[in-house]
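Colleague: Counting from 1, position 197 in the sequence shown corresponds to residue 1178 in this note's numbering; the numbering is continuous, with no gaps.
Beta carbons: idealized from backbone N, C-alpha and C, even for Gly.
Below is the structure I would like to discuss, written out as structure tokens.
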Amino acid sequence: MPNEIVDAFTKLQLSGYQWRILMVIIRKTNGWNKSTDRIALSVFEEYTGLERRNLNKNLNALIKRGIITKDSSGYMTRYGLQGDWTKWQMSVNNNTSVKSDTTTSVENDTETSVNNDTHKRQKTIKYSPDSDKVRMSELLFSLIHNNNPLQEKPDIQEWAEHIDCLVKKDNRSVEDIEKIIKWCQDSEFWGKIILSAEKLKKHFGTLWNQSGFEKRKSFF
């Protein structure tokens, strides 16, 4: 990261919540030598511990101040750090959001940690956003969405559970699962049937046999 960006950070007035969000974006982008990356709100929730309401509020504040960029044109929103720090709004005049978030950060964090256990939107995050199970679930959804843009985004953690079963109970490798996901979504017939990770698990044996991947393995 350029020194001028780091220097600008030292003068940037943000709340504790906003710094958390910004660090997630930097980790997902600059940490992998990318300018932007697809980041689901559930990923932000996992890393920051923020509930959805506070998350959206502070994400929008960062966007409004020109500190981060947002691109919603694809199947999943892409976020990135605004590389031109001169476009950043370094401080906020007559705005209580930064002051309020900073002064009550401990109180709000404590309240959030308690409320998160009972909050209706809060779900247990069993699989890391970087895990193969989540990665395969995201891949399957992206290909389904490409075939049918009206397909709603599922509970990725629930899909990851089915992928996990394929790996642990059915002894399928992640590499083979990835092959079948791509193969079935490229099939005119199976692409209309495999619309969830549950369906993928249910028909995996048939898909594997029809794909011919086993014969290719034997040949080589």
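Keeping to the same chain, check which residues put their C-beta closer than 8 Å to that of Leu1188; ignore five residues upstream and five downstream.
Modeller: Numbered from 1 along the sequence shown, position 207 holds the residue referred to as residue 1188. Around Leu1188: Ile1161, Trp1164, Cys1165, Trp1171, Ile1175, Leu1181.
Colleague: Give the secondary structure of Thr1084 by DSSP, where H, G and I count as helix, E and B as strand, and everything else as coil.
Modeller: Residue numbering aside, residue 1084 sits at position 103 when the sequence shown is read from its first letter. At Thr1084 the pLDDT is 47, less than 50, meaning the model places this residue with poor confidence; the figure from the coordinates comes in the next sentence. Correct three-state label for Thr1084: helix.
Colleague: Smallest Cα separation from Arg1059: which of Gly1030, Ile1106, Val1024, Met1071?
Modeller: The count along the sequence shown starts at 1 and reaches residue 1059 at position 78. That would be Val1024, whose Cα lies nearest to the Cα of Arg1059.
Colleague: Do you know offhand how far Arg1033's Cα is from Lys1196's?
Modeller: Here residue 1033 refers to the residue found at position 52 when the sequence shown is read from its first residue. Here residue 1196 refers to the residue found at position 215 when the sequence shown is read from its first residue. When rounded, the distance between both Cα atoms is 48 Å.
Colleague: In whole angstroms, what separates the C-alpha of Glu1026 from that of Glu1169?
Modeller: Within the sequence shown, numbered from 1, the residue matching residue 1026 stands at position 45. Within the sequence shown, numbered from 1, the residue matching residue 1169 stands at position 188. Between Glu1026 and Glu1169, the C-alpha separation is close to 36 Å.
Colleague: What does the alpha-carbon distance come out to for the pair Gln1132 and His1126?
Modeller: As a first step, residue 1132 is located in the sequence shown; it is residue number 151 there, counting from the start. As a first step, residue 1126 is located in the sequence shown; it is residue number 145 there, counting from the start. Looking at the two C-alpha atoms, the distance is approximately 6 Å.
Colleague: Spell out the partners DSSP gives Tyr1060 in its beta bridges.
Modeller: The sequence position of residue 1060 within the sequence shown is 79, counting from 1. BP columns for Tyr1060 point to Asp1018, Lys1051.
Colleague: Could you tell me the alpha carbon to alpha carbon distance between Met1071 and Asp1018, rounded to whole angstroms?
Modeller: Taking the sequence shown and counting its residues from 1, one reaches residue 1071 at position 90. Taking the sequence shown and counting its residues from 1, one reaches residue 1018 at position 37. One C-alpha to the other measures close to 24 Å.
Colleague: Would you tell me roughly how many angstroms separate the C-alpha atoms of Asp1145 and Asn1128, rounded to the nearest one?
Modeller: For the purposes of this step, residue 1145 is taken as residue 164 along the sequence shown, with counting starting at 1. For the purposes of this step, residue 1128 is taken as residue 147 along the sequence shown, with counting starting at 1. Rounded to whole angstroms, Asp1145 to Asn1128 spans 25 Å at the Cα level.
Colleague: Would you report the Cα separation of Leu993 and Asp1052, rounded to the nearest angstrom?
Modeller: Numbered from its first residue, the sequence shown carries residue 993 at position 12. Numbered from its first residue, the sequence shown carries residue 1052 at position 71. Approximately 23 Å, taken between the alpha carbons.
Colleague: Just to confirm, are Asp1111 and Val1155 a CB contact at a threshold of 8 Å?
Modeller: Residue numbering aside, residue 1111 sits at position 130 when the sequence shown is read from its first letter. Residue numbering aside, residue 1155 sits at position 174 when the sequence shown is read from its first letter. Their beta carbons are not under 8 Å apart, which means Asp1111 does not touch Val1155 by this criterion.
Colleague: Spatial neighbours of Arg1046 within its chain, please: CB distance less than 6 Å, with the 5 preceding and 5 following residues excluded, ordered by chain position.
Modeller: What you label residue 1046 is simply residue 65 of the sequence shown in a count that begins at 1. Contacts found: Gln1070.
Colleague: Classify Thr1010 as helix, strand or coil using the three-state DSSP reduction.
Modeller: Looking up residue 1010 in the sequence shown gives position 29. DSSP places Thr1010 in coil when its eight states are reduced to three.
Colleague: Please list the terminal residues of the continuous alpha helix (DSSP H) segment that includes Arg1116.
Modeller: Counted from its first residue, the sequence shown places residue 1116 at position 135. Where Arg1116 is concerned, the enclosing alpha helix (DSSP H) stretches over 1113-1128.
Colleague: Name the residue from Leu1036, Glu1159, Gln1063 whose alpha carbon lies nearest to the alpha carbon of Glu985.
Modeller: The residue given as residue 985 occupies position 4 in the sequence shown. Distance from the Cα of Glu985 is smallest, within the candidate group Leu1036, Glu1159, Gln1063, for Gln1063.
Colleague: Using 10 angstroms around the beta-carbon of Trp1066, count the other beta-carbons present and answer buried if the total reaches 16, otherwise exposed.
Modeller: Position 85 of the sequence shown holds residue 1066. That one is buried.
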